[in-house]
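Note that the protein sequences, when read in sequence, are chains R and E.
Counting from 16, one number per residue, gives the positions in the first sequence under the numbering used here.
Counting from 461, one number per residue, gives the positions in the second sequence under the numbering used here.
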Amino acid sequence: MEVVSNLLTGFTAAGTPQNLLFALIGCMLGTLIGVLPGIGPIPTIAILLPITYGLDPLSSLVMLAGIYYGAQYGGSTTSILVNMPGEASSIVTCIDGYQMAKQGRAGLALAVSALGSFFAGCVGTLFICAFAPPLGAIAQQFNSPDYFSLMVLGLVTAVVLAHGSVIKAVAMIMIGLLLGLVGTDINSGATRYTFGVSVLWDGIDFLPMVIGMFGIVEIVRNLEQDDVERTAITTRFRDLWPKWVDLKDAVMPVMRGTGLGAILGILPGGGVVLASFAAYTVEKKVAKDPSRFGKGAIEGVAGPEAANNSAAMTSFIPLLTLGLPSNAVMAIMMGAMMIQGIQPGSAVMTSKPELFWGMVASMWIGNLMLVIINLPMIGIWVKLLSLPYRFLYPAILLFCVIGIYSTNNNAVLMVFAAGFTMFAYILIRFGCEPAPMILGFILGPLMEENLRRSLVLSRGDPMIFIQRPISAGLLVASAIVVALIVLPAFRKTREEAFQE
Amino acid sequence: MIRVKSPQDFGSAAIFILIGLAGIYFGSDLTMGTPGRMGPGYFPRLLSWLIIAIGLFVGFKALVIDGPPIEPPTYRPMFFVVLSVIIFGYLMDYVGLAITAVVLVLIAALARVKPNLIEMLIFGICLSLATIAIFVYGLGQPLPAWWGNN
């Protein structure tokens, strides 16, 4: 019964006109950037962060969350109609979605992915209701050593589940941790790595870094490729009403995708991309006739699209209950919460229940909005797609720089952004993913703080991490994850999973 | 003669080692302290050494195991995009968003080969007016709109 009263609190908080409006804005923006290739949720959320400073915490989080899951809806539209992923999480949707569109079944593919996403979103929300309170209760028992070990486990898992080289990702996390330490040390008051520059006293500014490493660098990389003509397969609204016969084949894939996505979303480093890839692989494995895949199998659209949306929902669980961001988007959400003066973690649920449950409720409301908005507005999104990149990129670039500039009207931040753009560009050229760095950057100060406190408690004895049962358990789990990655059999599956 | 078999890994190794060394060098004035009473230099130095260790490992691997080559970079997009970003920051204070936005669009347009600058000028003016409407009047962001602050 507690869940009901909690949800009631949530719906009351999320149902105010202002919060409904921000949920709508977030969902619309999310769909927009989801549809447009070349800009993803990470820079968008970062660009909008300065605008949220003046809002109350719930409104701003509702909007930012809406961008993230809205993008999962929008991404499929581009995949199906243009054969180009609007988002990384919709790459697999291209395979069968575009084939369906070529066969004149675009309406069905779009409807199935929207309805499947809606179902997955609802289940994902229920997942949060079911798992967040017990996890939060466990987290309340945590002490400094346990938190430190938890972060170790989170980072280790994030590395293993992310794509690309494991060892390089570890290095990227550590570089992130190191960069996170720049600024004034809270314990001693000493300034670290500031080079006498006063903007660095409070640490490296989050926005120029994120916008440079994820927004501007994407523009540069897109410009290196030739401008491809994007031709969308047209579809009419009345084609969108699916027939029951067609839907029947999609029901089970949606269920499987939802479940798989929900689980993979909770795991650190999991998130939407892994969920959609895994769901496609599963659908292909369970299908009676796998040869239909790649030729317009509806299961290949339904499964992954449900999976990426439920993963987008459940990836909020570790952040909201443990204060542990599981991917780069969540790291930015964590930054957004800290800017609002909220330390993410189990305390949020007990001290600010209306914020926590309001966010959960808004996610459900947002999913409903997305289905209602998206299907009738499909024509508008398709129109936007025909906008050539030569117009799109200066606009994206302008929004990026305004986002950075409006934090404190300081030109030095632009130099930072430019520096991080070049840094990220070089790293990508050398095969290093920048995403783990953001995780490390956000967790750097927290990790140091907990390490310090633990060792003060034990008078410098590192055994404290093994003596406390919770901490020991988390470290054993980390060790198992590391052992898995070294095992050749697991490595092979991991590589295959990202090959598809 | 040692041959680099994986240029990408070799490049990352160089960056890692460089960052680790920088972490140690620029953090050398920070007090270490003891594990029980960590100074501000303890965790940074620990991380720096770990990064160097990974760098050495990846670098060694690059000499032994084959890997993908580094794609040759194209400098034009990077140069003009970065230039437009930096100029934006310095121009905003003096002439405000209206003009700066147009300048940014024009410089960014040069990132493509053979841009149509007249087309981009018209687009830049429209975009500039739209962003002022959205960010300054719509969202109330404290940005200098029509002319600079000083």
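Note that the Cβ used here is the ideal one computed from N, Cα and C, for glycine as well.
As the structure is a prediction and not an experimental result, all values here were calculated from the model.
Count the other CB atoms within 10 Å of the CB of residue i; is the residue buried (16 or more) or exposed (fewer)?
i, result
"Y485/E", "exposed"
"K299/R", "buried"
"N576/E", "exposed"
"L36/R", "exposed"
"G119/R", "exposed"
"T31/R", "exposed"
"L238/R", "buried"
"F210/R", "exposed"
"S91/R", "buried"
"A147/R", "buried"
"K183/R", "buried"
Quick check on residue i - is its C-beta less than 9 angstroms from some C-beta in chain E?
i, result
"V471/R", "yes"
"R444/R", "yes"
"V185/R", "yes"
"Y162/R", "no"
"I190/R", "yes"
"M462/R", "yes"
"R406/R", "Note that residue 406/R corresponds to Phe in the displayed sequence, not to Arg. So, interface residue."
"D220/R", "no"
"Y208/R", "yes"
"R474/R", "yes"
"I69/R", "Reading off the sequence shown, one finds Gly at residue 69/R, where the question assumed Ile. Interface residue, yes."
"V363/R", "no"
"S421/R", "yes"
"P477/R", "yes"
"T436/R", "yes"
Return the chain-ordered list of same chain residues with a C-beta closer than 7 angstroms to the C-beta of residue i, the five sequence neighbours on each side being excluded.
i, result
"I479/E", "I511"
"M384/R", "A38, L39 and C42"
"V518/E", "D469, S472, A473 and F476"
"V375/R", "G25, T140, I143 and C144"
"A561/E", "G584, L587, S588 and T591"
"Y535/E", "none"
Closer than 9 angstroms by beta-carbon distance: list the chain E residues that pair up with residue i, in chain order.
i, result
"V287/R", "None at all; the shortest Cβ gap to chain E is about 26 angstroms."
Which residues in chain R sit within 7 angstroms of residue i, going by Cβ to Cβ distance?
i, result
"M498/E", "R467 and L470"
"P537/E", "V235, L238 and E239"
Beta-carbon of residue i versus every beta-carbon of chain R: anything under 9 angstroms?
i, result
"M492/E", "no"
"A605/E", "no"
"I546/E", "yes"
"R572/E", "yes"
"K465/E", "no"
"V555/E", "no"
"S472/E", "yes"
"I475/E", "yes"
"V524/E", "no"
"L577/E", "no"
"S488/E", "no"
"I514/E", "yes"
"I511/E", "yes"
"I559/E", "no"
"F595/E", "yes"
Starting from residue i, find everything on chain R with Cβ-Cβ shorter than 8 angstroms and list it in chain order.
i, result
"Y550/E", "A426 and M429"
"L587/E", "P409, A410 and L413"
Could you name the residues of the same chain whose beta carbon sits closer than 8 angstroms to that of residue i, not counting the 5 residues immediately before and after it, in chain order?
i, result
"P429/R", "One detail in the question is off: residue 429/R reads as Met in this sequence, not Pro. Contacts found: P223, V416, I419 and Y420."
"M189/R", "G455"
"G139/R", "T273, G276, A277, G280, N324, S325, A326, A327, M328, T329 and M378"
"E515/R", "Its pLDDT being 48, under 50, E515/R is placed unreliably by the model, and nothing is read from it."
"V301/R", "R271"
"D161/R", "R483, I485, S486 and L489"
"I481/R", "A487 and L490"
"V524/E", "K465"
"V573/E", "R536"
Please list, in chain order, all residues of the same chain as residue i whose beta carbon is under 6 angstroms from its beta carbon, the five residues on each side excluded.
i, result
"G81/R", "A38, G41, C42, G45 and G381"
"A317/R", "V127, G131, A265, P268 and V269"
"Q114/R", "K310 and G311"
"Y208/R", "V197"
"L570/E", "F540"
"G499/E", "T491, M492 and G493"
Just to make sure I have the definition right: I need the residues of chain R whose C-beta is within less than 9 angstroms of the C-beta of residue i. Which are they?
i, result
"V518/E", "S180, I182, K183 and A186"
"P528/E", "G446"
What in chain E is Cβ-close to residue i, meaning under 7 angstroms?
i, result
"D200/R", "P500"
"A205/R", "L490 and P500"
What distance in whole Å lies between the Cβ atoms of residue j and residue i, which are believed to be in contact at a cut-off of 8 angstroms?
i, j, result
"R474/R", "G496/E", "5 angstroms"
"I57/R", "A343/R", "6 angstroms"
"L390/R", "A129/R", "6 angstroms"
So residue i contacts chain E; which residues on that side make the cut at Cβ distance below 8 angstroms?
i, result
"P52/R", "Here the premise fails: no neighbours, minimum Cβ distance about 17 angstroms."
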